[in-house]
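Be aware that the sequence shown starts at 229, since it is given in our numbering, and climbs by one per residue.
These notes concern the structure reproduced below.
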Amino acid sequence: MKSNLASLIHLFISNKTINIMKKQSFLLSFFLFFAFNLFAQDTERAIMLLNESKTSDVEAYKKNYPAIRNWSMKASGTTVNNRAAHVSESGLIYGLNFIKGDKNFGEYVATMNDMNIKIRKELKEAKENSDNSSQPVLRSSWVRMDKLTVMQDDYKVEDYDFRKLDLFTVPFNKIEEFESLDAKRIEMDKAMGLKHNYIVFKAMYGYPVNTYLVFVPDKSKLDYYKNSDERNAQRRKNKDYVELAKKLNQLKTSIRMDHLSRIPNQ
Numbered sequence: 229m230k231s232n233l234a235s236l237i238h239l240f241i242s243n244k245t246i247n248i249m250k251k252q253s254f255l256l257s258f259f260l261f262f263a264f265n266l267f268a269q270d271t272e273r274a275i276m277l278l279n280e281s282k283t284s285d286v287e288a289y290k291k292n293y294p295a296i297r298n299w300s301m302k303a304s305g306t307t308v309n310n311r312a313a314h315v316s317e318s319g320l321i322y323g324l325n326f327i328k329g330d331k332n333f334g335e336y337v338a339t340m341n342d343m344n345i346k347i348r349k350e351l352k353e354a355k356e357n358s359d360n361s362s363q364p365v366l367r368s369s370w371v372r373m374d375k376l377t378v379m380q381d382d383y384k385v386e387d388y389d390f391r392k393l394d395l396f397t398v399p400f401n402k403i404e405e406f407e408s409l410d411a412k413r414i415e416m417d418k419a420m421g422l423k424h425n426y427i428v429f430k431a432m433y434g435y436p437v438n439t440y441l442v443f444v445p446d447k448s449k450l451d452y453y454k455n456s457d458e459r460n461a462q463r464r465k466n467k468d469y470v471e472l473a474k475k476l477n478q479l480k481t482s483i484r485m486d487h488l489s490r491i492p493n494q
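So, in structure tokens, the structure goes:
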């Protein structure tokens with residue numbers, strides 16, 4: 229009887245020890261994986277943290293946003309380059325946080341939860357906007373695809389009050405083909421003398437990593453469609469461009485298209 233009991237105790241301790249070791253091994257592996265991906269990347273990557281939310285009072289959100297932005301910019305110090313918020317035709321509110329480099333991104337994420345708690349306590353505007361939320365915030369992080377992005381030399385977020393958003397996926401086994409074709413499309417645009425801002429992000433976390441988000445900024449919705457029609461009229465004259473654009477569209481599965489209007493910072 230004592231022998232059987234001792235065997236059971238030994239087995240329990242052994243299994244418990246193995247489970248603890250497995251957990252420790254998993255945590256260590258996760259830490260090493262995260263650390264490798266954090267520091268092995270180019271520290272100058274442009275990263276965007278996207279917050280998608282809805283509110284029951286859009287006007288109150290817009291009124292409160294400047295105070296929230298000013299507090300957040302001060303609290304985050306040098307880790308965040310810029311912030312912008314947009315209302316949209318879909319009813320979603322898009323909060324954009326622009327961060328330069330993986331080190332800054334890691335530091336910001338590590339303190340983000342504490343800052344969210346602190347701002348609700350210190351700023352009545354933040355508490356009001358939070359209380360008016362009508363659905364949980366969807367947070368995701370994205371890396372800018374510079375090889376697919378066109379930005380004019382004087383580009384500033386604040387200079388463009390309208391943004392056309394295109395959110396889509398590409399099959400995993402077609403990503404390389406898609407990016408290669410889109411890079412060619414950009415070169416063809418340049419060869420035709422077409423100048424505009426076309427900013428491409430690829431999902432890191434929060435969406436499947438084969439998801440792309442494209443912003444096409446302009447001064448207004450009217451300006452966007454006027455300028456877009458002019459660009460497309462010139463593109464249609466180029467048969468190679470038309471064929472290439474057709475191939476690109478066949479590789480894309482649309483998730484959402486939206487029209488965004490920037491909320492003023494002040």
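Think of the CB as a built atom: it goes at the ideal place given N, C-alpha and C, for glycine as much as any other residue.
**Message:** Taking a contact to mean a Cβ-Cβ separation below 8 angstroms, would you say A353 touches A411 in this structure?
**Reply:** Within the sequence shown, numbered from 1, the residue matching residue 353 stands at position 125. Within the sequence shown, numbered from 1, the residue matching residue 411 stands at position 183. Note that residue 353 corresponds to Glu in the displayed sequence, not to Ala. Cβ distance not < 8 angstroms, so E353 and A411 don't count as in contact.
**Item:** Contact set for N292: own chain, Cβ-Cβ below 8 angstroms, skip 5 residues either direction
**Value:** Translated into the one-based positions of the sequence shown, residue 292 becomes position 64. Cβ neighbours of N292 beyond the five flanking positions: E353, A354, E356, N357.
**Span separating the alpha-carbon of E335 from that of A313** = On the sequence shown, residue 335 is found 107 positions in, with the first residue counted as 1. On the sequence shown, residue 313 is found 85 positions in, with the first residue counted as 1. If I take the Cα positions, the gap works out to 22 angstroms.
**Message:** Given this structure, state the Cα-to-Cα distance separating M485 from L278, to the nearest angstrom.
**Reply:** On the sequence shown, position 257 is the one that residue 485 refers to. On the sequence shown, position 50 is the one that residue 278 refers to. Cα-Cα distance, rounded: 16 angstroms.
**Item:** Minimum C-alpha distance to Y426 - residue among K454, D446, I403
**Value:** Numbered from its first residue, the sequence shown carries residue 426 at position 198. Answer by Cα proximity: D446.
**Distance CB(F326)-CB(N341) smaller than 8 angstroms** = Reading the sequence shown from its first residue, position 98 is the one you call residue 326. Reading the sequence shown from its first residue, position 113 is the one you call residue 341. No; because the gap between Cβ atoms is not below 8 angstroms, this pair is not in contact.
**Chain-order list of residues whose beta-carbon lies under 8 angstroms from that of Y388 (same chain, five-residue window excluded)** = Here the question's residue 388 lines up with position 160 in the sequence shown. Excluding residues within five positions, the ones whose Cβ falls inside 8 angstroms are N425, P445, D446, K447, R490.
**Message:** To the nearest angstrom, how far is the alpha carbon of V286 from that of A419?
**Reply:** In the sequence shown, the residue the question calls residue 286 occupies position 58. In the sequence shown, the residue the question calls residue 419 occupies position 191. Their backbone Cα atoms lie some 43 angstroms apart in a straight line.
**Request:** Give me the Cα-Cα distance between L376 and Y322, rounded to the nearest whole angstrom.
**Result:** For this step, residue 376 is matched to residue 148 along the sequence shown. For this step, residue 322 is matched to residue 94 along the sequence shown. C-alpha separation (whole angstroms): 22 angstroms.
**Asked** Between S368 and T283, is the Cβ-Cβ spacing less than 8 angstroms?
**Response** Sequence index remark: in the sequence shown, residue 368 carries index 140 (1-based). Sequence index remark: in the sequence shown, residue 283 carries index 55 (1-based). It is not a contact, given that the beta carbons lie outside the stated cut-off.
**Asked** From L320 to E280, what does the alpha carbon distance come to, in whole angstroms?
**Response** The residue you call residue 320 lines up with position 92 of the sequence shown. The residue you call residue 280 lines up with position 52 of the sequence shown. Straight-line Cα distance between these residues: approximately 6 angstroms.
**L422 - DSSP class collapsed to helix/strand/coil** = For this step, residue 422 is matched to residue 194 along the sequence shown. In the three-state reduction of the DSSP assignment, L422 falls in the coil class.
**Request:** Measure the C-alpha to C-alpha separation of K474 and S456 and round it to an integer number of angstroms.
**Result:** Numbered from its first residue, the sequence shown carries residue 474 at position 246. Numbered from its first residue, the sequence shown carries residue 456 at position 228. If you take the alpha carbons of K474 and S456, they lie about 17 angstroms apart.
**Message:** Please report the distance separating the alpha-carbon of M301 from that of M373.
**Reply:** As a working note, residue 301 is residue 73 in the sequence shown. As a working note, residue 373 is residue 145 in the sequence shown. Here the alpha carbon of M301 sits roughly 25 angstroms from the alpha carbon of M373.
**Prompt:** In three-state DSSP terms, what is V286?
**Reply:** Along the sequence shown, one-based indexing puts residue 286 at 58. Three-state result, V286: helix.
**Request:** Sort out for me which residues DSSP pairs R484 with in a bridge.
**Result:** Here the question's residue 484 lines up with position 256 in the sequence shown. The secondary-structure analysis by DSSP pairs R484 across a beta bridge with L395.
**Item:** Segment limits, alpha helix (DSSP H) that includes I491
**Value:** For the purposes of this step, residue 491 is taken as the residue at position 263 of the sequence shown. Counted as a single uninterrupted DSSP element, the stretch harbouring I491 is not any alpha helix (DSSP H), since DSSP gives it neither H nor E.
**Asked** Ordered along the chain, which non-local residues of its own chain (more than five positions away) have a Cβ less than 8 angstroms from that of G434?
**Response** Here the question's residue 434 lines up with position 206 in the sequence shown. Counting only Cβ-Cβ distances below 8 angstroms, and skipping sequence neighbours, we find L278, L366, R367, S368, S369.
**Asked** Closest by CA to M343, which one among G305, V315, S318, E317?
**Response** Mapped onto the sequence shown, residue 343 falls at position 115. Among G305, V315, S318, E317, the Cα nearest to that of M343 belongs to G305.
**Request:** Mark L450 as exposed unless 16 or more other C-beta atoms lie within 10 angstroms of its C-beta, in which case mark it buried.
**Result:** The sequence position of residue 450 within the sequence shown is 222, counting from 1. Burial call: exposed.
**Asked** With 16 as the cutoff for other CB atoms within 10 Å, does I345 come out buried or exposed?
**Response** One-based indexing of the sequence shown puts residue 345 at position 117. Under the 10 Å beta carbon count, I345 is surrounded by fewer than 16 other beta carbons and is classified as exposed.
**Item:** N-terminal and C-terminal residue of the alpha helix (DSSP H) that F333 is part of
**Value:** Start at 1 with the first residue of the sequence shown, and residue 333 comes out as number 105. In the DSSP annotation of this structure, the continuous segment of the alpha helix (DSSP H) that includes F333 starts and ends at 330-350.
**Request:** Can you check the region 428-483 for any alpha helix (DSSP H) of at least 4 residues that lies completely inside it and give the ranges in chain order?
**Result:** Runs of the alpha helix (DSSP H) inside the region 428-483: 449-463, 467-479.
**Message:** Mapping the DSSP letters down to three states, classify F264 as helix, strand or coil.
**Reply:** Stepping through the sequence shown from its first residue, residue 264 is reached at position 36. Bear in mind that the predicted position of F264 carries a pLDDT of just 41, short of 50, making it unreliable; the figure below should be weighed with that in mind. Helix, per DSSP.
**Request:** Starting from Y311, trace the beta strand (DSSP E) both ways and give me its first and last residue.
**Result:** As a position in the sequence shown, residue 311 is number 83, starting the count at 1. As written in the sequence, residue 311 is Arg, which differs from the Tyr given in the question. Counting along the chain, the beta strand (DSSP E) containing R311 begins and ends at 310-316.
**Prompt:** Measuring CA to CA, which of Q494, K290, K430 is closest to I403?
**Reply:** Position 175 of the sequence shown, counted from the start, is the residue given in the question as residue 403. Here the closest residue by C-alpha is K430.
**Asked** At what residues does the beta strand (DSSP E) containing L366 begin and finish?
**Response** For the purposes of this step, residue 366 is taken as residue 138 along the sequence shown, with counting starting at 1. Note, L366: beta strand (DSSP E), 361-372.
**Prompt:** Does any heavy atom of the ligand ATP sit closer than 7 angstroms to the C-beta of M301?
**Reply:** Absence of the ligand ATP from the depicted structure is noted, as is the absence of any ligand whatsoever, leaving it without description.
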